[in-house]
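Please read the structure below before turning to the comments.
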Amino acid sequence: MKKIIAMLLALVMVLAFAACAPADGGENTKAPDGGEATQGGSDLKVSVFWYNESDAYLSTVRSALNAELDKLGVTYDNQYAGNNQSTQTDQIRTAVTGGSNLLVVNVVTSGSPDVAKEILNIAGDIPVVFFNRAIGTEGKDVPVLEAHSNACFIGTDAPEAGHLQGQMIGKYLVENYDEVDVNGDGVISYALFKGDESNIEAIYRTQYAVEDANKVLAEAGKEPLKYFDPNNADGYQVDLNGQWSATAAKDYMDTNFITYNEASGNMIELVICNNDDMAQGAIASLQAQNYNLPGQHVVPVFGVDAIDAAIQLIADGAMTGTVKQDAEGMAAAIAGTVASLKDGKTPVEALAAQKDDRFSVAADCTSKLYVAYAPYTGE
Numbered sequence: 538m539k540k541i542i543a544m545l546l547a548l549v550m551v552l553a554f555a556a557c558a559p560a561d562g563g564e565n566t567k568a569p570d571g572g573e574a575t576q577g578g579s580d581l582k583v584s585v586f587w588y589n590e591s592d593a594y595l596s597t598v599r600s601a602l603n604a605e606l607d608k609l610g611v612t613y614d615n616q617y618a619g620n621n622q623s624t625q626t627d628q629i630r631t632a633v634t635g636g637s638n639l640l641v642v643n644v645v646t647s648g649s650p651d652v653a654k655e656i657l658n659i660a661g662d663i664p665v666v667f668f669n670r671a672i673g674t675e676g677k678d679v680p681v682l683e684a685h686s687n688a689c690f691i692g693t694d695a696p697e698a699g700h701l702q703g704q705m706i707g708k709y710l711v712e713n714y715d716e717v718d719v720n721g722d723g724v725i726s727y728a729l730f731k732g733d734e735s736n737i738e739a740i741y742r743t744q745y746a747v748e749d750a751n752k753v754l755a756e757a758g759k760e761p762l763k764y765f766d767p768n769n770a771d772g773y774q775v776d777l778n779g780q781w782s783a784t785a786a787k788d789y790m791d792t793n794f795i796t797y798n799e800a801s802g803n804m805i806e807l808v809i810c811n812n813d814d815m816a817q818g819a820i821a822s823l824q825a826q827n828y829n830l831p832g833q834h835v836v837p838v839f840g841v842d843a844i845d846a847a848i849q850l851i852a853d854g855a856m857t858g859t860v861k862q863d864a865e866g867m868a869a870a871i872a873g874t875v876a877s878l879k880d881g882k883t884p885v886e887a888l889a890a891q892k893d894d895r896f897s898v899a900a901d902c903t904s905k906l907y908v909a910y911a912p913y914t915g916e
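Counting from 538, one number per residue, gives the positions in the sequence shown under the numbering used here.
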């Protein structure tokens, strides 16, 4: 009887051990600081750091990147900094100590070479793939990347989105001028919502959206755009939290309507947004005032990203246009780079190995890869 009980106990232990083992033989990892962890079958341990969890465009990138990394069979985790650089820096330090051997970083403080240098110093010999948010403005990222052979950047050519948005706005206004000019004064009054005061993408989008639209208008013999509030010398309203959020744009637009409206003869006739989240907020405010609804006057609203919600708003006629920032392309470029690094290539070699019409190595630095933008109006 004792022998039977002992055999049964041994069998239970074997079954319990089998139940606890990873089903695919991969390594289970627990992400530091509450990040979500996944598992894979290689000894490459990738930590991906996001400036914020709620950014709509980056949520699409993350879903696509997770799928790509799953295909590669690498162990990875996602960590979120809550738009706090100190938090992200601590997360990176913890990941390095915990054995991560490849860092993919969506840096919080955009445009800061000093922050990038600090991250690279923490990483040491570990490869770092910066992505989406620039690590320097006006070419100041180039010396940082060239001084660190283990680093590269995957993103977009920052001015391109602003140029495309401005050209799209100008073309639309020339074709629909009288309809847009609600008060008939021969000048289009606009509001502009900026996502982040220091972000290089936001800076260029804010600048070129207006400049390039005015060039198109000038060529057609039209007056330049006029910012709706003569007391605002900046010519934009910025999300003070740097979140590029729908909430910020809606709150601003709601307040603007109190003084600037059709009844007062000074209606905002055009809305330019640095991203589609802010465009959604502006449209929500417009719709609350009975604009941009079926059968009602549409104030043209332009954004950047071409997220699914914006594409639907354009299809519904509530939004006029956006600039596609290729989320799937961004994810594919990052994953392709990770795969090449996994095979022993250097970051520069990894970028050069990318074979996709959507990607191009930057003219000023072989450590930078750009994913192309494209205009989107639903046509």
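Where is the CB? At the ideal position from N, CA and C, for every residue including glycine. It should be emphasised that the depicted structure is a prediction, and the values quoted were computed from it without experimental measurement.
Out of curiosity, what's the CA-to-CA distance linking residue i and residue j?
{"i": "D694", "j": "I663", "result": "26 Å"}
{"i": "G915", "j": "Q862", "result": "15 Å"}
{"i": "G577", "j": "D607", "result": "The predicted model places G577 with a pLDDT of 40, which falls under 50 and marks its position as unreliable, so this point remains unresolved."}
{"i": "L639", "j": "V808", "result": "41 Å"}
{"i": "P569", "j": "K892", "result": "Its pLDDT being 39, under 50, P569 is placed unreliably in this model, and the value from its coordinates should be taken loosely. Taking the straight line joining both Cα atoms gives about 34 Å."}
{"i": "K752", "j": "G661", "result": "47 Å"}
{"i": "Y797", "j": "G772", "result": "15 Å"}
{"i": "I656", "j": "E605", "result": "25 Å"}
{"i": "L581", "j": "L609", "result": "10 Å"}
{"i": "C933", "j": "F668", "result": "Here the chain has residues from 538 to 916 only, and residue 933 is not among them."}
{"i": "N565", "j": "N827", "result": "Since pLDDT at N565 reaches only 33, below the 50 mark, its modelled position is unreliable, and the value read off the structure follows with that caveat. In a straight line, the C-alpha of N565 is about 53 Å away from that of N827."}
{"i": "G563", "j": "V885", "result": "Any reading at G563 must be qualified, since the residue scores a pLDDT of 30, below 50, and its modelled position is unreliable; the value itself is stated next. Looking at the two C-alpha atoms, the distance is approximately 29 Å."}
{"i": "N768", "j": "N720", "result": "20 Å"}
{"i": "K763", "j": "V724", "result": "7 Å"}
{"i": "P696", "j": "P831", "result": "34 Å"}
Which residue comes first and which comes last in the beta strand (DSSP E) that contains residue i?
{"i": "T935", "result": "With the chain running from 538 to 916 in the structure shown, residue 935 is simply not present."}
{"i": "P912", "result": "Y910 to Y913"}
{"i": "K731", "result": "S726 to K731"}
{"i": "V585", "result": "K582 to W587"}
{"i": "A688", "result": "A688 to G692"}
{"i": "Y617", "result": "T612 to Y617"}
{"i": "L639", "result": "L639 to V642"}
{"i": "S897", "result": "F896 to V898"}
{"i": "V665", "result": "V665 to F668"}
Note the first and the last residue of the continuous alpha helix (DSSP H) segment covering residue i.
{"i": "G699", "result": "A695 to E712"}
{"i": "Q622", "result": "Q622 to T634"}
{"i": "T743", "result": "I737 to E756"}
{"i": "F794", "result": "A783 to T796"}
{"i": "D845", "result": "D845 to D853"}
{"i": "N803", "result": "No alpha helix (DSSP H) holds N803; DSSP gives it neither H nor E."}
{"i": "S822", "result": "D813 to A825"}
{"i": "V836", "result": "Premise fails: V836 is in no alpha helix (DSSP H) and is neither H nor E."}
{"i": "K892", "result": "K892 -> no alpha helix (DSSP H), and no H or E assigned at all."}
{"i": "Y773", "result": "First-last for Y773: undefined, no H or E at that position."}
Does the Cβ-Cβ distance between residue i and residue j come in under 7 Å?
{"i": "G699", "j": "A728", "result": "no"}
{"i": "A750", "j": "G692", "result": "no"}
{"i": "N844", "j": "Y613", "result": "In the sequence on display, residue 844 carries Ile and not Asn. Their beta carbons are not under 7 Å apart, which means I844 does not touch Y613 by this criterion."}
{"i": "G840", "j": "A846", "result": "no"}
{"i": "I629", "j": "I672", "result": "no"}
{"i": "V711", "j": "E806", "result": "no"}
{"i": "A868", "j": "V598", "result": "yes"}
{"i": "D814", "j": "T859", "result": "no"}
{"i": "V908", "j": "A870", "result": "yes"}
{"i": "A918", "j": "D776", "result": "No information on residue 918 is available, as it lies outside the stretch 538 to 916 that the chain covers here."}
{"i": "M856", "j": "V838", "result": "yes"}
{"i": "N811", "j": "K731", "result": "yes"}
{"i": "Y910", "j": "L754", "result": "no"}
Throw me the rounded Cβ distance for the residue i and residue j pair, which I believe falls under 8 Å.
{"i": "V641", "j": "Q625", "result": "Incorrect: roughly 12 Å between the Cβ atoms, too far for contact."}
{"i": "F690", "j": "S897", "result": "The pair is not a contact, with the Cβ atoms about 13 Å apart (cut-off 8 Å)."}
{"i": "F765", "j": "S735", "result": "About 24 Å separates the two Cβ atoms, so there is no contact after all."}
{"i": "E748", "j": "G703", "result": "6 Å"}
Comparing the CB of residue i with every heavy atom of the ligand ADP, is any distance shorter than 6 Å?
{"i": "T883", "result": "The ligand ADP is absent from the structure shown, which contains no ligand whatsoever."}
### Query
For the 8 Å Cβ check, are there 3 or more pairs between the stretch 599–619 and the stretch 581–590?
yes
### Query
Do the stretch 813–830 and the stretch 734–743 meet, that is, are 3 or more Cβ pairs less than 8 Å apart?
No contact exists between the stretch 813–830 and the stretch 734–743.
### Task
Take every Cβ of the stretch 867–876, pair it with every Cβ of the stretch 670–684, and state whether three or more of those distances are shorter than 8 Å.
Touching, no, given that fewer than three Cβ pairs across the two stretches are closer than 8 Å.
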